[in-house]
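See structure below.
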Amino acid sequence: MITQTGRGIADAYNCGIASSTGDLVAFLSCDDEWTPDKLQVQSDHMKANARLLYTLTLAKSRLEDGHTPPAGFRMELLEQEHSGAMETLMARREVFARVGPFDSRFQTAEDLDWFARANDLKVPMARIPQVLLVKYVHDANLSLTTPSNNQSILTLLRKSIQRKNDSDRIIGDSAQ
Amino acid sequence: MSTLYKINRPKVISEAFEDEVVAVNFDTGSYYGMRNTALTIWNLLEQGASTQTLTCRMTSLYHGDQQAISEAVSQFLDQLRTHNLIAEASAAQADHGPEPAPNHRGPWEPPVLSVYEDMKDLLLLDPIHDVDEQGWPARKPDQMA
């Protein structure tokens, strides 16, 4: 057990990564559930595909007992299998040297920022079409209750657009 | 004929940065960068300007061929509509009318809308964007103290 010295989710992820010693790193929130075969399926897939630096899987969301979804809630997330994000991630440890750590300036959407950065760097990844996570939705889900979530999303997307523009500029300059 | 448009909130969120407006459509998972005079057009749409007011305002704010400005504004609005970033508004949302022309006009640069779809899977995971006064999720009545 490692005690986090800093604050926030991004810092917790970074702390875990820095303390890890294995080749593959995976993440789980205290309120979500991996399927029993999650680590086996993903590590087998990554061993068989050496060029992949990370994989994501499908997930299912379940509403915690005692809660009802409000108007406007994206009901299909409760009814259908959907793409998974952070809690389905399995990454080779080396990918964090390439993409960098999670940005602790983001109180929420720090995972989205990391995936956007990895995407912009064209880091090889794959989505395994199998449900390997059950995500529980409740009133303490940070991204649902933090008013700054939209702000974080817009800021990280702005950064991603700037990276794409810079990259296009470099390609354009070198072509001249 | 003049049409009144509104931004498709809460499905669409946006923020104006210094040289660009960034918007996300949470229905589709697409996101957008709007540059050049698109910033002014988006700002006027947020203020509830009709198409007629928008065109008048753009021709008063920028040097350029009036016909070209009018066509570019119209094409840009078509693009925004195609991507469901805006929709026709009811007459109740009144147009404030054109404002006086500024003393200094800038050079005309057509509005640019860039469309990005590389984060669709992850953006579509965001379950809800406008939390009401009760917060979220609402507790069942029998769970409330």
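Residue numbers (our numbering), protein chains in the order written: chain A, 35 to 210; chain B, -19 to 125.
Heads up, the beta-carbon is just placed ideally off N, CA and C, and yes, glycines get one too.
Quantities reported herein were computed from a predicted structural model and do not represent experimental measurements.
CA nearest to the CA of residue i, picked from the options
i: B/I21; options: B/V4, B/S40, B/D7 and B/Y11; result: B/S40
i: A/M35; options: A/S54, A/R151, A/P135 and A/D137; result: A/S54
i: A/G56; options: A/E128, A/F136, A/R197 and A/D200; result: A/E128
i: A/L155; options: A/R161, A/K169, A/A131 and A/I162; result: A/A131
i: A/Q74; options: A/S186, A/S117, A/T122 and A/D147; result: A/T122
i: A/G50; options: A/H79, A/M109, A/F136 and A/Q76; result: A/F136
i: A/A82; options: A/N184, A/V171, A/R41 and A/I162; result: A/I162
i: A/D71; options: A/V168, A/N183 and A/G42; result: A/V168
i: B/N(-12); options: B/N64, B/G44 and B/S50; result: B/N64
i: B/D45; options: B/P87, B/D7, B/V95 and B/V4; result: B/P87
i: B/Y96; options: B/R61, B/E(-2), B/F(-3) and B/V2; result: B/V2
i: A/D147; options: A/D78, A/L112, A/E113 and A/N184; result: A/N184
i: A/V157; options: A/G134, A/A143 and A/T142; result: A/G134
i: A/R126; options: A/Q196, A/A60, A/G40 and A/R41; result: A/A60
i: B/A(-4); options: B/A69, B/P(-10), B/R61 and B/N23; result: B/N23
i: A/M124; options: A/E110, A/S201 and A/L87; result: A/L87
i: B/D7; options: A/I43, A/R108 and A/Y47; result: A/R108
i: B/S70; options: B/Q47, B/A29, B/L60 and B/D98; result: B/A29
Beta-carbon proximity check, residue i vs residue j, cutoff 8 Å
i: A/M159; j: A/T89; result: yes
i: B/Y11; j: A/L191; result: yes
i: A/M80; j: A/L58; result: yes
i: A/K94; j: A/V165; result: yes
i: A/S186; j: A/F140; result: yes
i: A/Q114; j: A/T91; result: no
i: B/V(-8); j: A/L188; result: no
Own chain partners of residue i with C-beta closer than 6 Å, once the 5 adjacent residues on each side are dropped
i: A/D145; result: A119 and M120
i: B/P121; result: Low confidence applies here, because B/P121 scores a pLDDT of 45, under 50, leaving its location unreliable and the question unanswered by this model.
i: B/G9; result: K100, L103 and L104
i: B/E0; result: G13 and R15
i: A/D65; result: Y170
i: A/T179; result: Reliability of the predicted coordinates at A/T179 is poor, the pLDDT of 48 falling under 50, and no value is obtained from them.
i: A/E67; result: V168
i: A/N48; result: P135 and F136
i: A/A52; result: none
Opposing strand residues paired with residue i [DSSP bridges]
i: B/L93; result: B/M14
i: B/G86; result: B/Y42
i: B/V2; result: B/E(-5) and B/G13
i: A/K94; result: A/V168
i: B/S30; result: B/L(-16)
i: B/V53; result: None, per the DSSP bridge assignment.
i: A/A117; result: For the record, residue 117 of chain A in the displayed sequence is Ser; it is not Ala. A/S117 pairs with A/L92.
i: A/V59; result: A/A125
i: A/W68; result: A/L167
i: B/E68; result: B/Y(-15)
i: A/M159; result: A/Y88
Nonlocal neighbours in the same chain, by C-beta distance under 8 Å from residue i, ignoring five residues either side
i: A/K198; result: D154
i: A/A84; result: none
i: A/I204; result: none
i: B/I49; result: T35, M38, T39, Y42 and W88
i: B/R61; result: Y(-15) and A67
Cβ shell of residue i (< 7 Å), same chain only, five flanking positions each side left out
i: A/D45; result: Q38 and S138
i: A/S194; result: A150 and D154
i: B/V53; result: I21, L34, T35 and M38
i: B/T31; result: S(-18), T(-17) and L57
i: B/L25; result: Y(-15), I(-13) and I66
For this session: Take every Cβ of the stretch 11 to 19 of chain B, pair it with every Cβ of the stretch 86 to 106 of chain B, and state whether three or more of those distances are shorter than 8 Å.
Result: By the Cβ test, the stretch 11 to 19 of chain B is in contact with the stretch 86 to 106 of chain B, since at least three Cβ pairs between them sit closer than 8 Å.
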